Amino acid sequence: MPIKEDHSITADTFLDGVWKDNPVFVMLLGMCPVLAVTNSVVNALAMGIATTFVLICSSVLISLLRKLIPKEVRIATYIVIIATFVTITDYVIQAISLELYNALGAFIQLIVVNCMILGRAEAYASKNKPLKTMINGLGMGLGFTIALLCLGSVRELLGNGSLLGFSIFGAQFQPWVVMILPPGGFFVLGSWLLLFNWIEERKKNNTATSKVSHAGAAASKGAS
Amino acid sequence: MPTDSVSFIFLNAFLMNNFVLALFLGICPFLGVSGKLKTAWSMGLATTLVMLISSLSAYFINQLLVYFEIEFLRLICYIAVIASAVQLVEMSMKKFSPTLFRALGIFLPLITTNCAILGLALFQTFKEYNLIQSLAYSTGAGAGFVLAIVLMAGLREKLELANLPNTSQGAAMSLMLAGMLSLSFMGFAGLGN
Numbered sequence: 040m041p042i043k044e045d046h047s048i049t050a051d052t053f054l055d056g057v058w059k060d061n062p063v064f065v066m067l068l069g070m071c072p073v074l075a076v077t078n079s080v081v082n083a084l085a086m087g088i089a090t091t092f093v094l095i096c097s098s099v100l101i102s103l104l105r106k107l108i109p110k111e112v113r114i115a116t117y118i119v120i121i122a123t124f125v126t127i128t129d130y131v132i133q134a135i136s137l138e139l140y141n142a143l144g145a146f147i148q149l150i151v152v153n154c155m156i157l158g159r160a161e162a163y164a165s166k167n168k169p170l171k172t173m174i175n176g177l178g179m180g181l182g183f184t185i186a187l188l189c190l191g192s193v194r195e196l197l198g199n200g201s202l203l204g205f206s207i208f209g210a211q212f213q214p215w216v217v218m219i220l221p222p223g224g225f226f227v228l229g230s231w232l233l234l235f236n237w238i239e240e241r242k243k244n245n246t247a248t249s250k251v252s253h254a255g256a257a258a259s260k261g262a263s
Numbered sequence: 005m006p007t008d009s010v011s012f013i014f015l016n017a018f019l020m021n022n023f024v025l026a027l028f029l030g031i032c033p034f035l036g037v038s039g040k041l042k043t044a045w046s047m048g049l050a051t052t053l054v055m056l057i058s059s060l061s062a063y064f065i066n067q068l069l070v071y072f073e074i075e076f077l078r079l080i081c082y083i084a085v086i087a088s089a090v091q092l093v094e095m096s097m098k099k100f101s102p103t104l105f106r107a108l109g110i111f112l113p114l115i116t117t118n119c120a121i122l123g124l125a126l127f128q129t130f131k132e133y134n135l136i137q138s139l140a141y142s143t144g145a146g147a148g149f150v151l152a153i154v155l156m157a158g159l160r161e162k163l164e165l166a167n168l169p170n171t172s173q174g175a176a177m178s179l180m181l182a183g184m185l186s187l188s189f190m191g192f193a194g195l196g197n
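Protein chains in written order, with the working numbering: chain D, 40 to 263; chain V, 5 to 197.
Here it is as structure tokens:
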């Protein structure tokens with residue numbers, strides 16, 4: 040059965056990726072760079088922008104070629120397209136700032152195997168028109184970057200006492216070094232997920248209690 | 005221990021710079037397939053096998069690329085090789101051991117997008133390891149992956165029985181566990197010095 044293409048572009052096309060289907064906090068995709076390069080805000084920002092660039096370019100190209108790519112070799116085609124854009128990004132970052140390139144290390148090249156990008160290509164770009172894909176990709180990329188910044192700012196603040204390289208807490212602050220080391224990544228991401236779970240839980244409880252009170256009011260009305 | 009000896013390279017990838025817990029490579033299968041001890045085992049072994057094959061091929065491909073001076077194609081070549089290696093493992097497993105093939109099921113093709121494998125190929129190129137060193141490195145990385153995912157699966161099976169508040173169920177608690185595991189692996193950091 041052919042899936043009917045829905046061409047309408049709504050605000051949700053963009054906003055889905057930022058909040059409701061946030062690739063990191065909701066779908067848990069592309070975790071490796073999320074944990075590995077978020078030990079400072081600058082690294083997190085650079086990684087977010089690089090991933091967004093690759094995501095948008097590759098999904099637009101895949102969306103343009105979606106009728107030409109044979110179904111049997113689609114994954115291989117997607118990977119080659121993504122790898123091309125990642126190679127470009129890799130060389131561009133190397134040209135702009137060697138320091139940043141060394142800080143991010145192999146993780147720029149590892150954007151190739153970021154499941155979020157391949158997932159978007161398979162689930163979205165292969166079924167939608169280029170413009171819609173681009174807007175969705177922009178939203179997803181923004182959501183990814185925001186998630187990276189959430190982690191990066193907390194880890195840099197606690198582990199180094201600074202934000203974007205500027206000291207926040209002053210000289211007497213004893214840095215919580217473990218936060219910029221690998222375990223900190225797991226702990227901070229876990230804490231963010233706990234926070235979101237808690238908000239979700241509260242929202243659910245609120246609606247449940249209001250429903251119960253409504254039902255109670257209706258029942259008492261009926262009795263009287 | 006000299007840093008380029010085979011045993012050091014093995015231990016380095018196995019414990020001190022464990023691919024999952026210290027370098028954050030292969031987090032997706034680590035969190036996704038560690039629900040049951042048995043599947044975690046098979047996943048770890050299959051990944052190790054693909055790691056060995058792709059590391060070996062990556063070594064020879066890099067020699068070719070350097071010879072023809074087309075290093076900018078490295079990434080594309082590596083990922084193509086890994087995808088075919090996974091396909092190869094899948095096909096041979098289907099032929100020689102159908103039971104194992106069925107047990108792994110969907111997880112096999114997913115190995116392609118495991119960053120530990122591409123990461124391994126890239127790191128061994130950056131570090132300019134020779135053939136023997138590359139093999140030691142990939143064996144160590146594979147063993148480290150198996151160790152991490154099996155430990156995690158054991159912990160999560162225990163966690164199933166624990167009485168947790170609703171808020172902290174699911175991925176959040178797994179990440180906290182992974183953090184503690186990673187914290188304990190930091191103890192190995194001083195091993196080489």
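Note that CB positions come from ideal geometry on N, CA and C, so glycine has one too.
Since we're looking at a predicted model, the values are computed, not measured.
V:Leu77 versus D:Tyr130 - alpha carbon distance = Position 73 of the second sequence, counting from 1, holds the residue named residue 77 of chain V. Position 91 of the first sequence, counting from 1, holds the residue named residue 130 of chain D. The C-alpha of V:Leu77 lies about 12 Å from the C-alpha of D:Tyr130.
query = Measuring CB to CB, does D:Val152 end up less than 8 Å from V:Cys81?
reply = Residue 152 of chain D sits at position 113 when you count from the first residue of the first sequence. Residue 81 of chain V sits at position 77 when you count from the first residue of the second sequence. No. Outside cutoff.
Candidates V:Asn66, V:Leu181, V:Ala152, of which the one nearest D:Gly229 by Cα = Residue numbering aside, residue 229 of chain D sits at position 190 when the first sequence is read from its first letter. The candidate whose alpha carbon is nearest that of D:Gly229 is V:Leu181.
task = Starting from V:Ala89, find everything on chain D with Cβ-Cβ shorter than 8 Å and list it in chain order.
result = Taking the first residue of the second sequence as position 1, residue 89 of chain V is located at position 85. Chain D residues near V:Ala89: none, gap ~13 Å exceeds 8 Å.
ask   = Does D:Val125 have its Cβ less than 8 Å from a Cβ in chain V?
value = Mapped onto the first sequence, residue 125 of chain D falls at position 86. So, interface residue.
request  = Using a Cβ-Cβ cut-off of less than 7 Å, list which residues of the region 231-246 of chain D approach chain V; keep chain order.
outcome  = From the region 231-246 of chain D, only Leu232, Leu233, Asn236, Trp237, Glu240 have a Cβ closer than 7 Å to chain V.
ask   = Does the Cβ-Cβ distance between V:Met47 and V:Ile153 come in under 8 Å?
value = Within the second sequence, residue 47 of chain V is the residue found at index 43, counting from 1. Within the second sequence, residue 153 of chain V is the residue found at index 149, counting from 1. Between V:Met47 and V:Ile153, the CB-CB gap stays under 8 Å.
query = What is the rounded straight-line gap between the Cα of V:Ala157 and the Cα of V:Leu41?
reply = Here residue 157 of chain V refers to the residue found at position 153 when the second sequence is read from its first residue. Here residue 41 of chain V refers to the residue found at position 37 when the second sequence is read from its first residue. Taking the straight line from one Cα to the other gives about 5 Å.
message = List, in chain order, every chain V residue whose beta-carbon is nearer than 7 Å to that of D:Gly229.
response = Position 190 of the first sequence, counting from 1, holds the residue named residue 229 of chain D. Contact of D:Gly229 with chain V by beta-carbon distance below 7 Å involves Ala176, Leu179, Met180, Gly183.
query = Which residue or residues does DSSP assign as beta-bridge partners of D:Phe205?
reply = Locating residue 205 of chain D in the first sequence gives position 166, where the first residue counts as 1. DSSP lists D:Leu202 as partners of D:Phe205.
message = Taking its Cβ as the centre, do 16 or more other Cβ atoms sit within 10 Å of V:Phe64, making it buried, or is it exposed?
response = Residue 64 of chain V sits at position 60 when you count from the first residue of the second sequence. A residue is called buried when at least 16 other Cβ atoms come within 10 angstroms of its Cβ; V:Phe64 does not meet this threshold and is exposed.
task = Could you tell me whether any Cβ in chain D is nearer than 8 Å to the Cβ of V:Ile80?
result = Here residue 80 of chain V corresponds to residue number 76 of the second sequence, with the count starting at 1. Residue contact check for V:Ile80 against chain D: a CB pair falls below 8 Å.
task = Check distances from the C-beta atoms of the region 65-93 of chain D to those of chain V and list, in chain order, the residues that come in under 7 Å.
result = When C-beta distances to chain V are compared with 7 Å, the residues of the region 65-93 of chain D below that value are Leu67, Met70, Cys71, Leu74, Ala75, in chain order.
query = From V:Val37 to V:Ala44, what distance separates their C-alpha atoms?
reply = Along the second sequence, one-based indexing puts residue 37 of chain V at 33. Along the second sequence, one-based indexing puts residue 44 of chain V at 40. C-alpha separation (whole angstroms): 6 Å.
message = Residues in the same chain with beta-carbon distance under 7 Å from D:Phe92, minus the five sequence neighbours each way, listed in chain order, please.
response = For this step, residue 92 of chain D is matched to residue 53 along the first sequence. Thr128, listed in sequence order.
task = For the alpha helix (DSSP H) containing V:Arg78, list its first residue and its last residue.
result = As a working note, residue 78 of chain V is residue 74 in the second sequence. Counting along the chain, the alpha helix (DSSP H) containing V:Arg78 begins and ends at 78-100.
ask   = If you measure from the beta carbon of D:Val99 to each beta carbon in chain V, is any gap under 8 Å?
value = Within the first sequence, residue 99 of chain D is the residue found at index 60, counting from 1. No - not a single Cβ of chain V is within 8 Å of the one on D:Val99.
ask   = How about D:Ala122: is its C-beta nearer than 8 Å to some C-beta of chain V?
value = For the purposes of this step, residue 122 of chain D is identified with residue 83 of the first sequence, where counting begins at 1. So yes, D:Ala122 belongs to the interface.
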